[in-house]
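Enquirer: Numbering (our numbering) for the sequence shown: 3 to 306.
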Amino acid sequence: MKQITVSAPGKLMLLGEHAVVYGYPCIVAAVNKYLTVTISRSCRGKDRINALEVADFSFVKESLKVFRHEFSIKDFFSLRIKSELGNFGLGTSSAVTVATLKALAEFNHLNLDKKELFNLSYKVIQNVQRLGSGFDLATSIWGGTIYFEGKTKKVESLHQKFLPIMAFFSGQKVKTIEMVEKVAQLKKRNSKFVEDIFRKIAKLVEEGRDTVEGCDWVTLGKLMTQNHLFLTQLQVSTPKLDQLVETAIKAGAYGAKLSGAGGGDCMIALVSRKNKKKVTSAIEKVGGKIIDVATNAQGLRIEL
Ligand code: PMV
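Structure follows, in structure tokens:
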């Protein structure tokens with residue numbers, strides 16, 4: 003039986019979340035945890051989705067719908083989905099969208115390049131959740147560490163082999179869309195204040211780009227902590243995330259911040275090899291859970 007398997011990595015946002023939704027840039031890194039989609043033909047007159055580790059099928063279903071419509075395909079497919087991403091906010095929705103569309107394209111002998119795959123995936127994300135910058139799709143497709151322009155959707159791969167990043171789960175989960183809506187509401191009420199923060203975040207991102215490529219961890223750490231303070235002002239942090247950030251810095255991290263939409267999910271910290279143990283035990287003491295990830299991960303791959 004013919005089948006195609008495609009894997010897409012998860013991600014961690016280094017700098018620039020929320021502002022990127024309004025056109026500003028961000029820096030994001032792919033992580034070495036993958037979501038894998040295997041596709042074959044379904045002969046049952048309907049699609050079959052087998053995905054024990056994915057709670058929400060809406061992105062898979064929308065990917066099938068958009069793909070069929072775009073390429074006038076009438077067939078039904080059987081999808082088996084496996085995920086190493088867990089439920090920590092590492093980007094399951096984007097990874098499953100990108101991997102499903104690429105697997106469908108390969109199965110149907112359609113050669114989609116990165117940009118075409120991004121555009122199609124972005125359509126799916128827009129249809130399902132309306133708001134979203136697409137940074138996570140770009141990371142899943144390109145891999146590595148990227149500079150992503152919210153406005154133009156331009157992707158620039160940064161020269162970076164290793165980032166001393168550690169990730170911790172805060173123990174809470176909130177839907178990304180709820181946090182994006184929250185910022186939208188705040189912006190409606192206080193547009194000048196929010197725009198001002200976005201511009202300041204964008205400035206950090208520009209500075210961050212050189213520090214990432216130049217391996218200047220001390221400065222990058224400071225930028226991350228500064229970014230966290232701006233996110234706090236946008237009201238997307240939580241007391242738990244603030245506590246984790248503070249604890250990591252006190253234990254010797256170069257810097258720390260929430261990563262992603264906020265309201266829960268992950269805290270990331272930039273930590274020297276020497277301070278890793280100290281930071282880990284301090285964070286665990288206050289209830290944070292280490293997520294075993296590393297950056298410099300390869301982007302989308304077709305498994306042989
Ligand atoms: O919650 P996550 O990891 O999907 O990150 C969301 C980042 C936002 O900037 C808030 C939204 C987006 O689409 O860029």
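Every residue, glycine too, gets a C-beta built ideally from N, C-alpha and C.
In chain order, what residues of the same chain have a beta carbon less than 6 Å from the beta carbon of M168, not counting five sequence neighbours either side?
Expert: Result list for M168: A271, V273, in chain order.
Enquirer: Closer than 8 Å is the cut-off here; do at least three beta carbon pairs connect the region 111–130 with the region 76–86?
Expert: Cβ pair count under 8 Å is below three, so no.
Enquirer: Closest by CA to K4, which one among L236, H111, F195, G289?
Expert: Per the Cα distances, H111.
Enquirer: DSSP on D46, reduced to helix/strand/coil?
Expert: Looking at the sequence shown, residue 46 is not Asp but Arg. Residue state, collapsed to three classes: coil.
Enquirer: Cα separation between L188 and R211?
Expert: Distance between the alpha carbons of L188 and R211: 28 Å.
Enquirer: In or out: E346 buried (at least 16 other Cβ within 10 Å) or exposed?
Expert: Absent from the structure is residue 346, since the part of the chain shown begins at 3 and ends at 306.
Enquirer: Could you tell me the distance, in whole angstroms, from the CA atom of V62 to the CA atom of K276?
Expert: Their backbone Cα atoms lie some 42 Å apart in a straight line.
Enquirer: May I ask which residues mark the beginning and end of the beta strand (DSSP E) holding P11?
Expert: Taken as a continuous stretch (DSSP letters only), the beta strand (DSSP E) holding P11 covers 6–17.
Enquirer: Under 8 Å Cβ to Cβ from E209, same chain only, skipping five residues before and after it: list those, please.
Expert: Here the set comprises T221, L225.
Enquirer: Beta-carbon within less than 8 Å of V22's beta-carbon, same chain only, minus the 5 sequence neighbours each way: which residues are those?
Expert: For V22, where only same-chain residues beyond five positions count, the Cβ hits under 8 Å are C28, S135, F137, F150, G152.
Enquirer: Exposed or buried, what is T297 when buried is set at 16 or more other beta-carbons lying within 10 Å of its beta-carbon?
Expert: That one is buried.
Enquirer: By the three-class DSSP mapping on this structure, what secondary structure does Q245 have?
Expert: DSSP places Q245 in helix when its eight states are reduced to three.
Enquirer: Residue range of the alpha helix (DSSP H) that F73 falls in?
Expert: From DSSP, the alpha helix (DSSP H) with F73 extends over 60–73.
Enquirer: At what residues does the beta strand (DSSP E) containing F195 begin and finish?
Expert: Taken as a continuous stretch (DSSP letters only), F195 belongs to no beta strand (DSSP E), being part of the alpha helix (DSSP H) at 193–215.
Enquirer: Do you know how far the Cα of G216 is from the Cα of A31?
Expert: C-alpha separation (whole angstroms): 16 Å.
Enquirer: Examine the ligand PMV and report whether any of its heavy atoms sits within less than 7 Å of the Cβ of S135.
Expert: Checking every heavy atom of the ligand PMV against the Cβ of S135, one is found closer than 7 Å.
Enquirer: CB of E19 to nearest heavy atom of the ligand PMV: below 7 Å?
Expert: Indeed, a heavy atom of the ligand PMV lies less than 7 Å from the Cβ.
Enquirer: Less than 8 Å separating the beta-carbons of A253 and A284?
Expert: Yes, the pair counts as a contact, with Cβ atoms nearer than the cut-off.
Enquirer: Report buried or exposed for G290, applying the criterion of at least 16 other Cβ atoms within 10 angstroms of its Cβ.
Expert: Buried, by the Cβ-count rule.
Enquirer: For G223, name the three-state secondary structure that DSSP assigns.
Expert: Helix, per DSSP.
Enquirer: Excluding the 5 residues preceding and the 5 following A107 in the sequence, name in chain order all residues of the same chain whose CB lies nearer than 6 Å to its CB.
Expert: Closer than 6 Å at Cβ, skipping near neighbours: L114.
Enquirer: How many angstroms separate the CA atom of Q237 from the CA atom of F73?
Expert: The alpha-carbon atoms of Q237 and F73 are separated by roughly 42 Å.
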